[in-house]
Amino acid sequence: KDVLVGVIDAATDQVETPEEVAATIATAMKFVPKERIFPCTNCGMAPMDRDIAMAKLKALTAGAALARQRIN
1278 KDVLVGVIDA
1288 ATDQVETPEE
1298 VAATIATAMK
1308 FVPKERIFPC
1318 TNCGMAPMDR
1328 DIAMAKLKAL
1338 TAGAALARQR
1348 IN
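Counting the sequence shown from 1 gives a position; the working numbering is that position plus 1277.
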């Protein structure tokens, strides 16, 4: 089965770092094969300030790329 891993916390305005995102992905890889992991937010970001939401999505992208580099 594919697993969506909430690497971005939509309940806070604190923007995750790419390193934090990559670390969460690495933790998930202890339990799920890497090809089954799909990083995402842990909930919707509609009520969030747009600038914060965009920063969080950039962190998700950068963190996923960092995780990919570390496993290849």
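Cβ atoms here follow ideal geometry from the backbone N, Cα and C, with glycine treated the same way.
Per DSSP, the beta bridge partners of P1316 are V1282. Across the structure, R1313 and D1326 are spaced so that their CA atoms are roughly 31 Å apart.
In the structure shown, E1297 adopts helical secondary structure according to DSSP, grouped into three states. In the three-state reduction of the DSSP assignment, K1307 falls in the coil class, being assigned neither a helical nor a strand state.
The stretch 1325–1339 and the stretch 1287–1306 touch, with no fewer than 3 CB-CB distances between them shorter than 8 Å.
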